[in-house]
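Keeping their order, the protein sequence lines are chains A, B, C and D.
Position 199 of the first sequence, counting from 1, maps to 199 under the UniProt record's numbering, and the rest follow consecutively.
Position 136 of the second sequence, counting from 1, maps to 136 under the UniProt record's numbering, and the rest follow consecutively.
Position 291 of the third sequence, counting from 1, maps to 291 under the UniProt record's numbering, and the rest follow consecutively.
Position 297 of the fourth sequence, counting from 1, maps to 297 under the UniProt record's numbering, and the rest follow consecutively.
4 protein chains.
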Amino acid sequence: MINFGVIGYGYWGPNLVRNLFEVAETQLIAVSDMREDRLQQVVSRYPSVEITTDYRHLLENPNIDAIAIATPVSTHYELALQALEHGKHVIVEKPMTSTSEQASHLIEEARRRKLTLLVDHTFVYTGAVRKIKEIVSSGELGDVLYYDSTRINLGLFQRDVDVIWDLAVHDLAIMDYILPSSPCAVAATGINHLFGGVENLAYLTMFFDENVIAHVNVNWLSPVKVRRTLVGGSKQMVVYDDMEPSEKIKVYDKGVTVNGSRDSVYKALVGYRSGDMYAPHLDVSEALKVEIQHFVECIRTGAEPITGGQAGLRVVRILESASRSMKHRGRLVDLRPPVPVPGSLLPHTLNPALNPVLTVGVA
Amino acid sequence: MINFGVIGYGYWGPNLVRNLFEVAETQLIAVSDMREDRLQQVVSRYPSVEITTDYRHLLENPNIDAIAIATPVSTHYELALQALEHGKHVIVEKPMTSTSEQASHLIEEARRRKLTLLVDHTFVYTGAVRKIKEIVSSGELGDVLYYDSTRINLGLFQRDVDVIWDLAVHDLAIMDYILPSSPCAVAATGINHLFGGVENLAYLTMFFDENVIAHVNVNWLSPVKVRRTLVGGSKQMVVYDDMEPSEKIKVYDKGVTVNGSRDSVYKALVGYRSGDMYAPHLDVSEALKVEIQHFVECIRTGAEPITGGQAGLRVVRILESASRSMKHRGRLVDLRPPVPVPGSLLPHTLNPALNPVLTVGVA
Amino acid sequence: MINFGVIGYGYWGPNLVRNLFEVAETQLIAVSDMREDRLQQVVSRYPSVEITTDYRHLLENPNIDAIAIATPVSTHYELALQALEHGKHVIVEKPMTSTSEQASHLIEEARRRKLTLLVDHTFVYTGAVRKIKEIVSSGELGDVLYYDSTRINLGLFQRDVDVIWDLAVHDLAIMDYILPSSPCAVAATGINHLFGGVENLAYLTMFFDENVIAHVNVNWLSPVKVRRTLVGGSKQMVVYDDMEPSEKIKVYDKGVTVNGSRDSVYKALVGYRSGDMYAPHLDVSEALKVEIQHFVECIRTGAEPITGGQAGLRVVRILESASRSMKHRGRLVDLRPPVPVPGSLLPHTLNPALNPVLTVGVA
Amino acid sequence: MINFGVIGYGYWGPNLVRNLFEVAETQLIAVSDMREDRLQQVVSRYPSVEITTDYRHLLENPNIDAIAIATPVSTHYELALQALEHGKHVIVEKPMTSTSEQASHLIEEARRRKLTLLVDHTFVYTGAVRKIKEIVSSGELGDVLYYDSTRINLGLFQRDVDVIWDLAVHDLAIMDYILPSSPCAVAATGINHLFGGVENLAYLTMFFDENVIAHVNVNWLSPVKVRRTLVGGSKQMVVYDDMEPSEKIKVYDKGVTVNGSRDSVYKALVGYRSGDMYAPHLDVSEALKVEIQHFVECIRTGAEPITGGQAGLRVVRILESASRSMKHRGRLVDLRPPVPVPGSLLPHTLNPALNPVLTVGVA
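Written out as structure tokens, the structure reads:
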């Protein structure tokens, strides 16, 4: 039995609490929140749970093995660090931290103390995303050609994070899980419609070393809610529509086939293939429950969670680069670790063969 | 009665021909195409129409008043120019020409000869787009905040034009018609998945002097066909789904309202409004028929068509800039006429107040 | 504050319990269920609530003011009767009872003791159904012409009640609430596909004194879930699709208009009207919460609930007649109170002018 | 080459004409219609075709091999009979005739003269229905359990035929093609909302000797267009949605499985199976073209068309019985050929074991 404390009972905290009651191997000991009215909700629903406005009581409680953090992003680093320093395992909401530097520190701290650190990339634990992962890994799709996602709705305008950190983070987490490689550069454009606010609408394009592209369209000001992701492969293609009550995943046996070699450029014969579609049956377990069970299992075995600190870091690194690009109206930002070619802002191996003109420079 | 000749009987030509038979004020005299088999289709369906493999016979036929050109883009300029030089009114397929310079020449030629030149921006003549124009013009939407379109399907891979020139052109034509101003800069990213081919998937972002953004997602390699456009306004928002058999246009009384002035930045209280939706009844006349009737009317009165040469030129200018940007992985390209600030690649008035960091430059 | 006891913690009981915690004016004192494992679920979630396997402890508890009954239909009558006899107000699941005779007894008992009796016709309390009621009552639809509902899914095959009692009951409750009159006759057909079981698929047609018809299609063996109801009016028509995440109600300004009088039969000119559609914004409060609040209000004021015993009785009467008709493969069953024309099985005033042939009899 | 004459150029005739031009083996010689304006449309589109207001000119034309009849139902019998008497092969619109007696006469006449008689049950020739037939025949669905169809829209109110003859005829034709047996009894209810008119909304239930049921919901007064058919099988189930632009057919691996024998009634354990769904790729050839090609093939080989006179007769027999039932508010009408048990209106073998109460009689 793993005993939990939950910090933050705002939007997401109640889901954590409910699932901690659902999972057999976990027990909720205490909840902290700065607002008394929220704590009263905890009391009326779960009278057995201790409440406090001071999260340090949770850190200092020796009965508590693990801390779940569901607070604003800007506080993640400090709270997670303290929790680790108190020897607690940690689940932290997405995005993991405000900067990649912070994320690296948390990883290091957890590693040193042999504690389990899991970032709550909830979508990764849905039946739908696990099925896509399975399909991609099996080679059924062939080579992945693109990832294209639309995630828009009339959403809460936030003060501290822009729409990329709020919504695109889900796609980055999903991509990190299902794609065979990571993007090497990102370009983002966006706009804010409320003077002085953060961007409420944004578009991210990500490039890969392979001939792959990814794009994410996020918007807090859409009258309709859309959650649709396409994963195009050379053999098959997946459409993931999270608004569908069932059949969220559809696999299309459609595509093009090219006859001819690279040499016969422009003479290639393109054939079109239009075959069956199928919608695999999906596990409908609640994602957060699956995630908590996985966390418990990792604590027990010492294994790295599939959405551990490294995954969290990779996602944060893209987020901060995207925000930077957006500030420069879509200037390409390199995502790869710095290399000894100082002075060059140009991604060094961005598939130059395919994009020779790139040599004119992007900065 | 206006007598027509049609050059090109491939994909679009048959639609032109059919509608020329539908419109009371037009008569089809002759069709030319380089392929005999296509001309045989004309004969079997419309035995009264003359056929020829040499388009010059149409230009030289004194009974023909107007020429409709439905050939590959690269031939538009030459054919349209010759038609004008022979004193014929011209309907030319979209995109108008391969370059903005060619478009300007055609405009000048038509003007000089007092001939009517119409670019076949078909969507502009649909009941749906005309209704959106009406809603935007009436002020019902408030200020336009964004235009966001997805136009994807498993489409024919083309050799001579990329997916932007093939699909995004529709959105540029619609935007040109319904939006109160034109974009001042464009950034585009894309990819081609067939070695040696043109881009088959692309993303365009367009910026405006006002706090407006536009985005177009086009893809020839999608397993599903999507034709959905959002027009966000400060008061209401429109969703235009062209795949819907009816109710293509939905107007949502949804949005956010901000209390507070510019000064009280970050302290603004954002309110959310969620009201009724309505789907106005739309005229279901075939767009091409409406367009041909408009063309006839313009010939008669000498009025400039709503999709005349200037509209065609504005669209081509964005297309060529988008292709240029795409070659440079999303580098921002200025769309405004050159100004006497040589040496600067930076759009001069790109809302610097809102984007101060932009001063670091984009080139 | 009204103190509650809940009998039955199977499928629906947990929803009642959750909402009794949500409503400010109610408090849950105790839950009874015959199965220990279910009671353990109550304990783990709501440690403050008393549990028992003997429902009589609830009836005898003087702190309890009201009993909510969420048990199989066959037990409703006995449990509700005992609760009333112990002076408790009662909420009973739909359908109210197994027979109309039982329903009448409960009404009489509640009336005599001045207790509030509410039948849990949950749909009546949804924002969607309340909006339809409002639209019908306002005259916006004109005369109601038909009610046509499809309510199908892969549902639990039940032992004690057939698909009419399980699913059609929802439509009968909605019809009872929104239509200006009650049906005067019902015909039902159905089938059971499991030998020895009850009907798992059925079709009900209901006739009214006015020129109105109602039809309900229910099915436990459908691969897709459909919840769609059409209410046709002489001026406008409503489509209620409960599977839509939003815009559940659409009002169509469509219909036909007839020029000419009754005399000019067969010469009438029928005109078709096709106008706008609108989807009114709906209250999204949870129906069960609204219902419990209404129950509390009725206890306080002594008013008859909008889904009181009489509504429950009207619904049960149709259900038992429909089951009877189904046993006779669709024989018409009269729903009106017996009249002094003994020997006649024929509904006496079934619009004979419109259906003269009916005089040949239906029995 | 088969030479055709077409009688009737109203709603459907133009489709016949267009397809007769599309099929390589057919040639259209002449069209007759009583209205001059319609004939003018023929002339302007197909100047080579002869026109006449007197259909007898077509019958007497020795160059014409086959007659296609697209006139009101009430004229089908007389026109088809005369065409056969003049030695012409015949395609006749659905429904074949106004009475089953007429249909039988035409069958006899065609048989005697060795002429091909095809009833235009167009849906049978669609890729979708042919695929369903293939799936049912392969045994993939298991035993067919039910057929349930909704076919509603804001349709033309007709004078001579009610909504059953206009819309349900499509389902009867599809059922006749795909189901392994024919219904043995039908019950129908309906209503007309225009005084003096025919029923504009109706519900048909059909019973089979096996434990199968079929239901068709047709309505001319629906604000939305629905074309959805469910075919439930013991192993799999098909949903056919003709309004879908693609994926019209979906096959669900869903259902229930019963453990236990007939004896263990009420003790049976019902298991629920929820598996994958797939949407087979469909042939998108135009149905009418496929049908005409089949007609030509049958003329050549002397084979009976799959929608020949017998299929037409079976459909008309159900239609006339359904109309009869509707006049009596759903009284069950036997569909089987008369048997030597005079005096009994009761279907003799309507699965009495399953429906013992039926012995009380339905008349």
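Backbone N, C-alpha and C define an ideal beta-carbon position, used for all residues, glycine too.
query	result
Using a C-beta cutoff of 7 Å, does S344 (chain A) count as contacting chain B?	Bear in mind that the predicted position of S344 (chain A) carries a pLDDT of just 42, short of 50, making it too unreliable to give a figure here.
Would T301 (chain B) be called buried (16 or more neighbouring beta carbons within 10 Å of its own) or exposed?	exposed
Are the beta-carbon atoms belonging to A187 (chain D) and G330 (chain D) less than 7 Å from one another?	yes
In chain C, which residues lie with their C-beta within 8 Å of the C-beta of residue 389 (chain A)?	This structure cannot settle anything about residue 389 (chain A), because the visible part of chain A is limited to 1 through 363.
Can you pull the DSSP bridge partners for G302 (chain D)?	Bridge partners of G302 (chain D): none, in fact.
Could you tell me which chain D residues have their CB closer than 7 Å to the CB of residue 365 (chain B), listed as they occur along the chain?	Nothing in the structure corresponds to residue 365 (chain B), since chain B is present only between 1 and 363.
When the Cβ atoms of the region 102 to 121 of chain B are set against those of the region 224 to 241 of chain B, are three or more pairs found closer than 8 Å?	no
Unbroken beta strand (DSSP E) runs of length 3 or more, entirely within the UniProt domain "GFO/IDH/MocA-like oxidoreductase" (129 to 238) of chain B: which are they?	144 to 154, 185 to 191, 201 to 207, 213 to 219, 221 to 233
For L332 (chain A), would you say it is in contact with chain B, using Cβ-to-Cβ distances shorter than 7 Å as the test?	yes
Can you pull the DSSP bridge partners for Y77 (chain D)?	BP columns for Y77 (chain D) are empty, so no partner.
For H89 (chain B), which three-state DSSP category applies?	strand
Name the chain C residues that come within less than 9 Å of R227 (chain D), Cβ to Cβ?	What R227 (chain D) touches in chain C: nothing, since even the nearest Cβ is about 14 Å away.
Whole angstroms is fine: what's the gap from A279 (chain C)'s alpha carbon to K225 (chain B)'s?	26 Å
Counting along the chain, where does the alpha helix (DSSP H) carrying L332 (chain B) start and finish?	First-last for L332 (chain B): undefined, no H or E at that position.
Where do the ends of the alpha helix (DSSP H) carrying G13 (chain A) lie?	13 to 22
Would you please verify whether the beta carbon of T122 (chain D) is less than 7 Å from any beta carbon of chain C?	no
Counting only C-beta atoms, is P280 (chain B) closer than 7 Å to chain C at any point?	yes
Quick one: using the 10 Å Cβ neighbour count with 16 as the cut-off for buried, is T229 (chain D) buried or exposed?	buried
Give the range of the beta strand (DSSP E) segment to which V37 (chain A) is assigned.	A quick correction: the sequence has Asp, not Val, at residue 37 (chain A). It is not in any beta strand (DSSP E) - D37 (chain A) instead sits in the alpha helix (DSSP H) that spans 36 to 45.
Would you grab the beta carbon distance between A103 (chain A) and L313 (chain A) for me? Rounded to a whole angstrom, and I think it's under 8 Å.	4 Å
Can you give me, in chain order, the residues of the region 1 to 25 of chain B that have a beta carbon less than 8 Å from any beta carbon in chain D?	F21
Strictly below 8 Å CB to CB, what residues from chain C border G275 (chain B)?	H281
With a Cβ-Cβ cutoff of 7 Å, do V218 (chain D) and L156 (chain D) count as a contact?	no
Excluding the 5 residues preceding and the 5 following R262 (chain D) in the sequence, name in chain order all residues of the same chain whose CB lies nearer than 8 Å to its CB.	Note on R262 (chain D): pLDDT 47, under 50, position unreliable in the model; no value is reported.
Whole angstroms is fine: what's the gap from F208 (chain D)'s alpha carbon to C184 (chain D)'s?	5 Å
What residues match up with T257 (chain A) in a beta bridge as DSSP calls it?	A:G271
By DSSP's criteria, Q27 (chain D) is part of a beta bridge. Which residues make up the other side?	D:N3
What does the alpha-carbon distance come out to for the pair L319 (chain A) and R45 (chain A)?	37 Å
In whole angstroms, what separates the C-alpha of residue 419 (chain C) from that of A68 (chain C)?	Residue 419 (chain C) lies beyond the residue range present for chain C, which begins at 1 and ends at 363; the question has no answer from this structure.
Does any residue of chain B bring its CB to less than 7 Å from the CB of K235 (chain A)?	no
Is DSSP giving I292 (chain B) helix, strand or coil here?	helix
Within 10 angstroms of the Cβ of E291 (chain B), are there 16 or more other Cβ atoms? Answer buried if so, exposed if not.	buried
Let me confirm a value: S181 (chain C) is counted as buried when at least 16 other C-beta atoms fall within 10 Å, else exposed. Which label applies?	exposed
What residues of chain A sit near S44 (chain C), judged by a beta carbon separation below 7 Å?	F21
Among D:K114, D:R273, D:V43, which has the Cα closest to the Cα of L84 (chain D)?	D:K114
Helix, strand or coil: how does DSSP classify G312 (chain A) here?	helix
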